[in-house]
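Asks:
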Amino acid sequence: MAAPQIVMQARGLVKRYGQVTALDGADFELRAGEILAVIGDNGAGKSSLIKALSGATIPDEGEILLDGRPVHFRNPMEARREGIECCYQDLAVAPAMTIAENLFLGRELRREGVLGNLLRMLDKKKMLEIAVERMADLKVGIRSMTQAVETLSGGQRQCVAVARAAAFARHVVILDEPTAALGVKEGNMVLELIRRVRDKGLPVILISHNMPHVFEIADRIHVARLGRRAAVLNPKKISMSDTVAVMTGAMKPEDIPADCLA
Amino acid sequence: MSTVKDRLPPLSQLGPFIALAVACTVFGLTTDNFFTAANFSLILQQVMVVGVIAIGQTLIVLTAGIDLSCGMLMALGSIVMTKVAQDFGLPTPLAILLGIGATTLFGLLNGLLVTRIKLPPFIVTLGTMNVAFAITQLYSSAQTVTEVPEGMTWLGNTFELAGNPVAYGVVLMVALYLATWFWLRDTASGRHVYAVGNNPEATRLIGIPTDRVLLGVYVLAGLFYGIASLLSVARTGVGDPNGGQTENLDAITAVVLGGTSLFGGRGVVLGTLAGAIVVGVLRNGLTLMGVSSVYQVLITGILVIVAVTVDQLSRKGGR
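Which chain is which? The protein sequence lines are D and P, in order.
Just so you know, we're using numbering that gives the first Met the number 0 here: the first sequence kicks off at 0 and counts up by one.
Just so you know, we're using numbering that gives the first Met the number 0 here: the second sequence kicks off at 0 and counts up by one.
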């Protein structure tokens, strides 16, 4: 079997906030076409890892490689320019703005000609068309792209947030707790959407506390612990309780059966 | 596909127009001179100063902030521009620029304190309100500046439109409203103002430089206050160190009545124009009815509270 193609990689990431060391030499590896779940207890360094990968924070040490090429993101915009799209927990959308506006926030399209160049007028019609098309592509069944996001249900809102990331990513989609605070049905709706994103060929990094969801859709599980990567597990081989044991430190990484590692 | 319901503005945005219609009907029925072209022309002239201040205030409220210094900055600007023209005989355009520059600098100061030191806008502008007031009093020695060059009052002149007098300043005000409306509605940077007010953290994580948007809004507001200074000088013919006191609250009233949410991220600047006209109509109509100015203050105060209540309730209901 050929070695899996690695899309994104990080080595020895360190991030300190004053006295607190959030990342203490964390490694990371994302393969092409997979859903990689990132789990860990509170304070294990999940968020800091994701922020470093998406440009929201700058790590103090370590390197990040994208397709084997070192990258240094100074802000989320630079990560986006490399085709990395991120959807943050609870923070993904502007509720009073329309779905189409949310999809295009920060990447608005201007009209052609004088109206666009001189008056910087937005091309709302084109943005709407593209929004409809991309959302249809992802099979997000929302009727109108011109309704405000706050008129949607929690699950639909989260789908918009995920689609926002997925519709424009060319490289990597990062999702932070996309199913948190959702009911069973709505959670499944979002999981379905995440699968479709992967099936389009985009690798997905999924941060989640929800073990059943992680085991349902992840291809591999990255376990963060004490600011480092404790292990990468294979959800088809390892049990949920052993995974939690690794996460909490009850099971040492060296005690994990070899066939459970991924 | 958008439905009719999507296109209809929510109640909070229709509010000022309803209030305006009600007020006009009441005053039309109870006074003789209300529904005259001359009176409407007068109302618009009375509104133009508050109206332009309220544009700046709207921008700040859209970002979930508030500017308590707006009226005082307007007074400062009018003192600076009239005083430098009177004392140093500076050419009128330069004097005007200095006045507008002073208010814009204060806007920059407000913005820097809000974005760099992360102070709450309420406290920042409460401070700069008093600082600006003191500077205005000190610089003018609390004296009204009466020697105003003619070029500075030109915007107060009127021209005939279909037989009715219209002040040039009113035209400027309407033009500023339309320009701001276009900017907020149809350009990316304008939409970012809403995004910042809606969900600042998400907007930042999306990669929009939220601090730059905020700073820009405060500077722009300062610029509008400066233009309002000029309009105030044009309307009254003097530099008044005690000006801006009613305008301060009236501008906030206009914004809130106009349906812009104090929680940020929702509102239309044209609503503020309607709100400003409501305030002007109320003051004018009540004066025509012979109601004393204390009651006008009372009614304006109640109106603000009603408008904010509608905002709060519709926000809860809308979720």
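Each residue gets a CB set at the ideal place from its N, CA and C atoms; glycine is no exception.
Keep in mind that this is a model prediction, so the values were computed, not measured.
When Cβ atoms are compared, which residues of the stretch 260 to 285 of chain P fall closer than 7 Å to chain D?
Replies: Cβ contacts with chain D: G264, R265.
Asks: Between which two residues does the alpha helix (DSSP H) containing P:C69 stretch?
Replies: Where P:C69 is concerned, the enclosing alpha helix (DSSP H) stretches over 69 to 87.
Asks: Opposite D:T20 in the DSSP bridges: which residues?
Replies: DSSP, once it has assigned bridges, lists D:R15 as partnering D:T20.
Asks: Could you name the residues of the same chain whose beta carbon sits closer than 8 Å to that of D:R73, not counting the 5 residues immediately before and after it, in chain order?
Replies: Cβ neighbours of D:R73 beyond the five flanking positions: G54, I57.
Asks: Output yes if chain D places a C-beta closer than 7 Å to the C-beta of P:T186; else output no.
Replies: Taking Cβ atoms only, chain D reaches closer than 7 Å to P:T186, which makes this a yes.
Asks: What ranges does the beta strand (DSSP E) occupy inside the stretch 96 to 182 of chain P, keeping only unbroken runs of at least 3 residues that lie completely in it?
Replies: Correct list: 157 to 160, 163 to 166.
Asks: List the residues of chain D that P:Y193 touches, going by C-beta distances under 9 Å, in chain order.
Replies: Residues of chain D passing the Cβ test: A93, A95, M96, E100.
Asks: Excluding sequence positions up to five away, which residues of its chain have a Cβ less than 6 Å from the Cβ of P:L43?
Replies: Cβ neighbours of P:L43 beyond the five flanking positions: V169.
Asks: Let me know the secondary structure DSSP gives D:M134 once reduced to three states.
Replies: Looking at D:M134 - three-state DSSP - the assignment turns out to be helix.
Asks: In terms of residues, what are the limits of the beta strand (DSSP E) holding D:H221?
Replies: D:H221 -> beta strand (DSSP E) spans 219 to 224.
Asks: What separation, rounded to the nearest whole angstrom, lies between the Cα atoms of D:P94 and D:A166?
Replies: Taking the straight line joining both Cα atoms gives about 19 Å.
Asks: Any Cβ of chain P within less than 7 Å of the Cβ of D:A135?
Replies: Not one chain P Cβ lies under 7 Å of D:A135.
Asks: Given that D:N74 touches chain P, what residues does it touch there, using C-beta distances under 7 Å?
Replies: Here the neighbours are G206.
Asks: Report the neighbours of D:M120 on chain P: residues whose CB is nearer than 7 Å to its CB, in chain order.
Replies: D185, T186, listed in chain order.
Asks: Could one say the Cβ of P:L13 lies closer than 7 Å to chain D's Cβ atoms, at least one of them?
Replies: No, because no Cβ of chain D sits closer than 7 Å to the Cβ of P:L13.
Asks: Looking at C-alpha atoms only, which residue of P:S68, P:I95, P:F158 is the closest neighbour of P:T81?
Replies: Nearest option by C-alpha distance: P:I95.
Asks: Counting only Cβ pairs nearer than 9 Å, list the residues of chain D close to P:N109.
Replies: The contacting residues do not exist; P:N109 stays about 24 Å from chain D at best.
Asks: Would you please verify whether the beta carbon of D:A55 is less than 7 Å from any beta carbon of chain P?
Replies: Yes, its Cβ sits closer than 7 Å to a Cβ of chain P.
Asks: With C-beta atoms as the reference, is D:A25 less than 7 Å away from D:L12?
Replies: Contact: yes.
Asks: Note down, in chain order, each residue of its chain lying with its Cβ closer than 6 Å to the Cβ of P:L285, except the 5 sequence neighbours on either side.
Replies: For P:L285, where only same-chain residues beyond five positions count, the Cβ hits under 6 Å are Q295.
Asks: Please name the residue or residues paired with D:Q8 in a DSSP beta bridge.
Replies: D:Q8 pairs with D:E28, D:L64.
Asks: Are the Cβ atoms of P:V303 and P:V255 separated by less than 7 Å?
Replies: Yes, the pair counts as a contact, with Cβ atoms nearer than the cut-off.
Asks: Could you spell out the range, first to last residue, of the alpha helix (DSSP H) harbouring D:A99?
Replies: Unbroken alpha helix (DSSP H) run through D:A99: 98 to 102.
Asks: I'd like to know if the stretch 153 to 167 of chain P and the stretch 186 to 193 of chain P are in contact, where contact means that at least 3 CB-CB pairs between them fall below 8 Å.
Replies: Cβ pair count under 8 Å is below three, so no.
Asks: Using a Cβ-Cβ cut-off of 7 Å, state whether P:S1 counts as contacting chain D.
Replies: For P:S1, the pLDDT reaches just 45, beneath the cut-off of 50, and the residue's location in the model is therefore unreliable, although a value from the coordinates is still provided. Yes, P:S1 counts as interfacial toward chain D.
Asks: For P:D239, which of helix, strand or coil comes out of DSSP?
Replies: Reduced to three states, the DSSP call for P:D239 is coil.
Asks: Can you name, in chain order, every residue of its own chain whose Cβ lies under 7 Å from the Cβ of D:R194, other than the five neighbours on each side?
Replies: Closer than 7 Å at Cβ, skipping near neighbours: I216.
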